[in-house]
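Enquirer:
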Amino acid sequence: MDARLDHLVCWVADQLASLRFYEQVIGLPGVRAEEFREGKAPFPSVRVSPETILDLMAYESAIYVDEGTGVQGSAGHPINHFCLAVSREDFDALQVRLKQEGVEVTGSGANSFGAQGIAPETIYFPDPDGNVLEVRYYE
Numbered sequence: 694m695d696a697r698l699d700h701l702v703c704w705v706a707d708q709l710a711s712l713r714f715y716e717q718v719i720g721l722p723g724v725r726a727e728e729f730r731e732g733k734a735p736f737p738s739v740r741v742s743p744e745t746i747l748d749l750m751a752y753e754s755a756i757y758v759d760e761g762t763g764v765q766g767s768a769g770h771p772i773n774h775f776c777l778a779v780s781r782e783d784f785d786a787l788q789v790r791l792k793q794e795g796v797e798v799t800g801s802g803a804n805s806f807g808a809q810g811i812a813p814e815t816i817y818f819p820d821p822d823g824n825v826l827e828v829r830y831y832e
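The numbering of the sequence shown is this note's numbering, which starts it at 694 and goes up by one.
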């Protein structure tokens, strides 16, 4: 099987604050952002790649997600972290934006294994809701 990751659901307290963080600090383009702001979409997303989006889902909607999946108690659980692979140039620019926004880099690593092999550098930091992001680049 050749599968691709379509989307992840990230639980957030303030969808607009999270959308701003992912768009302006991380640099990911919004998906249905205007529709959400106008009340025409239940949640905003950001595009990670041509094939993958990150849904910014409000905690209070967990009950509806449970109903949709048919697995009670499955919604609202945090994940340990998720990782974005970017170019070296974007990696360096992100670190500048994180510093400008006062976002603390809480961890880092070197020569870390991932889906594309070994990444020379990787950093970890929280989003406004405490979801942990890892960002790395490959050469």
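Beta carbons: idealized from backbone N, C-alpha and C, even for Gly.
My understanding is that A726 touches L712, with C-beta atoms under 8 Å, so please give their C-beta distance in whole angstroms.
Expert: The pair is a contact, with the Cβ atoms about 6 Å apart (cut-off 8 Å).
Enquirer: Taking E832 and P813 to be in contact with their CB atoms under 8 Å, please state how far apart those CB atoms are, rounded to whole angstroms.
Expert: With a Cβ gap of about 6 Å, E832 and P813 count as contacting.
Enquirer: Does the beta-carbon of Q809 have 16 or more other beta-carbons within 10 angstroms, so that it is buried, or is it exposed?
Expert: Burial call: exposed.
Enquirer: Can you tell me whether DSSP reads I772 as helix, strand or coil?
Expert: Correct three-state label for I772: coil.
Enquirer: When burial is assigned at 16 or more other CB atoms within 10 Å of the CB, is G723 buried or exposed?
Expert: Looking at its Cβ environment, which holds 16 or more other Cβ atoms inside 10 Å, G723 is buried.
Enquirer: V796 to Q717, Cα distance in whole Å?
Expert: Each residue's alpha carbon lies about 13 Å from the other.
Enquirer: For the alpha helix (DSSP H) containing A751, name the first residue and the last one.
Expert: Where A751 is concerned, there is no enclosing alpha helix (DSSP H), although the beta strand (DSSP E) it sits in stretches over T745 to A751.
Enquirer: Apart from the five residues just before and just after I816, which ones in its own chain have a Cβ nearer than 6 Å to its Cβ?
Expert: Same-chain partners within the cutoff: V798, S801 and V828.
Enquirer: Locate the beta strand (DSSP E) running through V789, then write down its first and last residues.
Expert: Not the beta strand (DSSP E): V789 falls in the alpha helix (DSSP H), residues R781 to E794.
Enquirer: May I ask which residues mark the beginning and end of the alpha helix (DSSP H) holding E731?
Expert: Run containing E731: none; DSSP gives neither H nor E here.
Enquirer: Measure from the alpha carbon of V739 to the alpha carbon of each residue in V758, Y715 and S780, then state which is nearest.
Expert: Of V758, Y715 and S780, the residue nearest in Cα terms is Y715.
Enquirer: Return the chain-ordered list of same chain residues with a C-beta closer than 8 Å to the C-beta of A803, the five sequence neighbours on each side being excluded.
Expert: So the list reads P813, E814 and T815, once near-sequence residues are dropped.
Enquirer: Nearest to F729 by CA position, among Q708, G769, I719 and V741, is which residue?
Expert: For F729, the nearest C-alpha among the options comes from Q708.
Enquirer: How far does the alpha helix (DSSP H) with R713 in it reach, from first residue to last?
Expert: Run containing R713: Q708 to R713, per the alpha helix (DSSP H) assignment.
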